[in-house]
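Trainee:
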Amino acid sequence: MGISNDKTTIPVPPSDDDDLPNPFAAQLGLPLSDPELRETAYQVLVTSCRSTGANPLTYISQSQRSSLATERSLLMPSPRRSPPKSATPKKSTTEKSSSNTLGLRKSAAVKKGRDLSGQDAGKAKRPVSVSDLVRVQMGISEHADSRIRRGLLRIAVAQVGKRIETGVLPLELLQQFKHTDFPNQLDYEAWQKRKLKILEAGLLLHPHPPLDKNDTAPQRLKKLISGALEKPIETGKQSEKMKGLRTTVMLLTCRSFDGSVSETCHWADGVPLNLCLYQMFLEACFDADEKTSVVEEVDEVLDLMKKTWVVLGINQMLHNLCFSWVLFHRYVSTGQAETDLLFAANSLLVEVEKDAKATMDSACSSILNSTLNLMLGWTEKSLLSYHDTFYSDNIDVTPIFVSLAVLAAKILEKDISSGKEVDVARDRVDMYISSSVHSAFSQASNRIQNNPTWTTPYIQLISYNSTHFLVLLPEPTLLLEWFGHCSDSLCSLITES
């Protein structure tokens, strides 16, 4: 749709339901907190960058780190200098979601003399790489980062030459750490339980491919996890329980749709677990202080996150859907003050519409529908009574609300349509106009009935089939012109769609 973004911040009266539920977490079926998801997501990111980066895997102890002038990036490649313009490769189609294309406002933290971690520039040095920035943005402490890298180094030594897709990260980490690697026993037990919960979510609740009802491995794994959650499991190589856990986990992760044994391990690519993890990355694109602005290095951050796609099973459509939701939710949760977020969400939804036809997986279709229904439902609360929401100062934001609602409705209609062609845009806009007019006249009727100074010779309210209202005023053209202006603004979108 041809909608321009004039970068104007237009306040819209907040909805009564600004706290939208997360469509991904709502279907997770397991209480995994954001910090737990961020920890796992960061582990996937570090592992993915280790397997694709040119730098060797190294580990520096905490005491050695403190002596360094700046933090070093251990597993992730050092930031590259931009090549000469003539040597710059062509941009891929995945870069349609870059900050420049989407029109997102970047943080001014650097200009304010503060580093990206939120500390005064004079007291702390700016992170030296994108990986450092992501760690800070995701709230991962240096101590946790050191432990992750130490565990990955141990795994790498034991599995030289193996690709990241051939391992199950939570399982491998479980076997690499003991209680002596943690400040105390309670921390170790809590950490172990988090790994087991991720295995449960990825292998039992949201497996990819789906489980075979005749397979006994899921029940064995469920029993093993339940026992380990009650009493910490001994993770040594000679532990019978750990051997049983490893055998069962590998049976479930190496399945394929055709029944053969897969070389790729599937433990984090089931919907919606993968989207819950990926959302943690996308949230890290936003500045901690300026919540409606993305960090200056957002494009580099997004490029880094693409390295996790192979483990998480993310494709361009899922990326666009997840990012569109993150932008939309941030617009709502930050008081609807930054319309750039809504324009960007709409732009990504245009891309989702193009790819939605090819979405055959039932889990993907389910999460697509639930996400779009949330976006559509919230947006239509304003449009079904738009005279209460949009006025002379913010009428320019109306088209983007309509565009987003119509796009969501179109995608949903195509998913449930029996092949019958439906003019979704016109039907929706007609509904918004008639509903808002109905609401406006109902309010006018109530005011008239409750005001004894208004008499019948001057005002008559006539109802046709309880849906059409006509107010007869001495000068009715003023009211009709106002409604005509709003209707024309909405209907003009039909020709642009």
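In the working numbering, the protein residues as written are 1109 to 1605. From the three backbone atoms N, C-alpha and C, an ideal C-beta is built for every residue, glycine too.
#1: Is the CB-CB distance between residue 1409 and residue 1215 below 8 Å?
#2: Using 10 angstroms around the beta-carbon of residue 1230, count the other beta-carbons present and answer buried if the total reaches 16, otherwise exposed.
#3: Measure the CB-CB distance between residue 1361 and residue 1373 and report whether it falls below 8 Å.
#4: Residue 1388 to residue 1142, Cα distance in whole Å?
#5: Mapping DSSP to helix, strand and coil, what is residue 1402?
#6: Rounded to the nearest angstrom, what separates residue 1537 and residue 1135 at their Cα positions?
#7: Excluding five sequence neighbours on each side, which residues of the same chain lie with their C-beta closer than 8 Å to the C-beta of residue 1170?
#8: Do residue 1305 and residue 1138 come within 8 Å of each other at the CB atom, strictly closer than that value?
#9: With DSSP as the reference, please indicate the residues paired to residue 1214 in a beta bridge.
#10: Distance, Cα to Cα, residue 1458 vs residue 1239?
#11: Based on the DSSP secondary-structure assignment, which residues constitute the bridge partners of residue 1394?
#12: Shortest alpha-carbon distance to residue 1487 belongs to which of 1471, 1463, 1502 and 1513?
#13: Indicate whether residue 1311 and residue 1357 have their beta-carbon atoms separated by less than 8 Å.
#14: By the 10 Å Cβ neighbour count, where 16 or more other Cβ atoms means buried, how is residue 1084 classified, buried or exposed?
#15: Which ranges would you report for the alpha helix (DSSP H) in the segment 1462-1527 if only whole runs of at least 4 residues count?
#16: What did DSSP end up calling residue 1371 once you bin it into helix, strand or coil?
#17: Flag this pair as touching only if the segment 1409-1422 and the segment 1459-1473 have three or more C-beta atom pairs under 8 Å; answer yes or no.
#18: With the cut-off set at 8 Å, would you say residue 1290 and residue 1259 are in Cβ contact?
#19: Using only the alpha-carbon positions, how far apart do residue 1432 and residue 1423 sit?
#20: Does the distance from the CB of residue 1480 to the CB of residue 1533 come in under 8 Å?
#21: Can you find the residues in the same chain that come closer than 6 Å, C-beta to C-beta, to residue 1329, ignoring five residues on each side of it along the sequence?
#22: Enumerate in chain order the residues of its own chain whose CB-to-CB distance from residue 1483 is below 6 Å, with the five nearest sequence positions on each side excluded.
#23: With a 10 Å radius around its C-beta and 16 neighbouring C-beta atoms as the bar for buried, classify residue 1224 as buried or exposed.
Mentor: The short version:
#1: Here residue 1409 refers to the residue found at position 301 of the sequence shown. Here residue 1215 refers to the residue found at position 107 of the sequence shown. Their beta carbons are not under 8 Å apart, which means residue 1409 does not touch residue 1215 by this criterion.
#2: If you number the sequence shown from 1, residue 1230 lands on position 122. Reliability of the predicted coordinates at residue 1230 is poor, the pLDDT of 47 falling under 50, and the value obtained from them is presented with this limitation in mind. Counting Cβ neighbours within 10 Å, residue 1230 comes out exposed, since fewer than 16 surround it.
#3: As a first step, residue 1361 must be located in the sequence shown, where it is residue number 253. As a first step, residue 1373 must be located in the sequence shown, where it is residue number 265. Their beta carbons are under 8 Å apart, which means residue 1361 touches residue 1373 by this criterion.
#4: Reading the sequence shown from its first residue, position 280 is the one you call residue 1388. Reading the sequence shown from its first residue, position 34 is the one you call residue 1142. Approximately 8 Å between the Cα atoms of the pair.
#5: Your numbering for residue 1402 matches position 294 in the sequence shown. Residue state, collapsed to three classes: strand.
#6: For the purposes of this step, residue 1537 is taken as the residue at position 429 of the sequence shown. For the purposes of this step, residue 1135 is taken as the residue at position 27 of the sequence shown. If I take the Cα positions, the gap works out to 31 Å.
#7: As a first step, residue 1170 must be located in the sequence shown, where it is residue number 62. In this predicted model, residue 1170 has a pLDDT of only 44, less than 50, meaning its place in the structure is not dependable enough to derive any value.
#8: To locate residue 1138, count along the sequence shown from 1; it is residue 30. To locate residue 1305, count along the sequence shown from 1; it is residue 197. Yes, these two residues count as a Cβ contact at 8 Å.
#9: For the purposes of this step, residue 1214 is taken as the residue at position 106 of the sequence shown. Looking at the DSSP assignment, residue 1214 forms a beta bridge with 1402.
#10: Here the question's residue 1458 lines up with position 350 in the sequence shown. Here the question's residue 1239 lines up with position 131 in the sequence shown. If I take the Cα positions, the gap works out to 30 Å.
#11: By 1-based counting over the sequence shown, the position of residue 1394 is 286. Looking at the DSSP assignment, residue 1394 forms a beta bridge with 1402.
#12: Taking the sequence shown and counting its residues from 1, one reaches residue 1487 at position 379. Nearest of 1471, 1463, 1502 and 1513 to residue 1487, Cα basis: 1513.
#13: The count along the sequence shown starts at 1 and reaches residue 1311 at position 203. The count along the sequence shown starts at 1 and reaches residue 1357 at position 249. Yes.
#14: Residue 1084 is absent from the model: the chain starts at 1109 and stops at 1605.
#15: 1470-1491, 1494-1497 and 1506-1524
#16: On the sequence shown, residue 1371 is found 263 positions in, with the first residue counted as 1. Three-state DSSP puts residue 1371 in coil, outside helix and strand.
#17: no
#18: Taking the sequence shown and counting its residues from 1, one reaches residue 1290 at position 182. Taking the sequence shown and counting its residues from 1, one reaches residue 1259 at position 151. No, they are not a contact pair.
#19: As a working note, residue 1432 is residue 324 in the sequence shown. As a working note, residue 1423 is residue 315 in the sequence shown. Each residue's alpha carbon lies about 14 Å from the other.
#20: Taking the first residue of the sequence shown as 1, we reach residue 1480 at position 372. Taking the first residue of the sequence shown as 1, we reach residue 1533 at position 425. No, these two residues do not count as a Cβ contact at 8 Å.
#21: Numbered from 1 along the sequence shown, position 221 holds the residue referred to as residue 1329. Cβ neighbours of residue 1329 beyond the five flanking positions: 1356.
#22: By one-based count along the sequence shown, residue 1483 stands at place 375. Result list for residue 1483: 1436 and 1516, in chain order.
#23: Indexing the sequence shown from 1 puts residue 1224 at position 116. Since pLDDT at residue 1224 reaches only 44, below the 50 mark, its modelled position is unreliable, and the value read off the structure follows with that caveat. Burial call: buried.
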